[in-house]
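Visitor: This structure is in structure tokens; I'll ask about it shortly.
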Amino acid sequence: RQVFDQCLSEINPLNAQPFMLVIMDGMSTQEACSLLGFTPTNLSVRLCRARLELRSKLQDPWFDEE
194 RQVFDQCLSE INPLNAQPFM LVIMDGMSTQ EACSLLGFTP TNLSVRLCRA
244 RLELRSKLQD PWFDEE
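Here the sequence shown stands for residues 194 to 259, where the numbers follow my numbering.
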């Protein structure tokens, strides 16, 4: 969890915040959009970008050693 939290802190905050609210905290899409001022489409894009950034961050230090 510590590694994941570190990676999450390193990604773009505009992507990290929606990810934390929706994925980590279980907030509904409608609630997150209202809170952040995003459209549902923009929220979906931000979540996708957050996942891609996190995947990249998580793979970098672990898989380069093999």
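Glycine included, C-beta positions come from ideal geometry on N, C-alpha and C.
Contact defined as beta carbons within less than 8 Å: I believe Leu214 pairs with Leu247. What is the distance between those atoms, to the nearest angstrom?
Guide: For the purposes of this step, residue 214 is taken as the residue at position 21 of the sequence shown. For the purposes of this step, residue 247 is taken as the residue at position 54 of the sequence shown. So it is not a contact: roughly 15 Å between Cβ atoms.
Visitor: Which of helix, strand or coil does DSSP assign to Ser221?
Guide: Locating residue 221 in the sequence shown gives position 28, counting from the first residue. The answer is coil: DSSP assigns Ser221 none of H, G, I, E or B.
Visitor: Distance check for Ile204 and Ser227, CA to CA, integer angstroms please.
Guide: Reading the sequence shown from its first residue, position 34 is the one you call residue 227. Reading the sequence shown from its first residue, position 11 is the one you call residue 204. Looking at the two C-alpha atoms, the distance is approximately 22 Å.
Visitor: Measuring alpha carbon to alpha carbon, tell me which of Ser249, Asn235, Asp253 and Arg194 ends up nearest Gln210.
Guide: Position 17 of the sequence shown, counting from 1, holds the residue named residue 210. Gln210 has its Cα closest to that of Asn235, out of Ser249, Asn235, Asp253 and Arg194.
Visitor: Can you tell me whether DSSP reads Ile216 as helix, strand or coil?
Guide: For the purposes of this step, residue 216 is taken as residue 23 along the sequence shown, with counting starting at 1. Reduced to three states, the DSSP call for Ile216 is helix.
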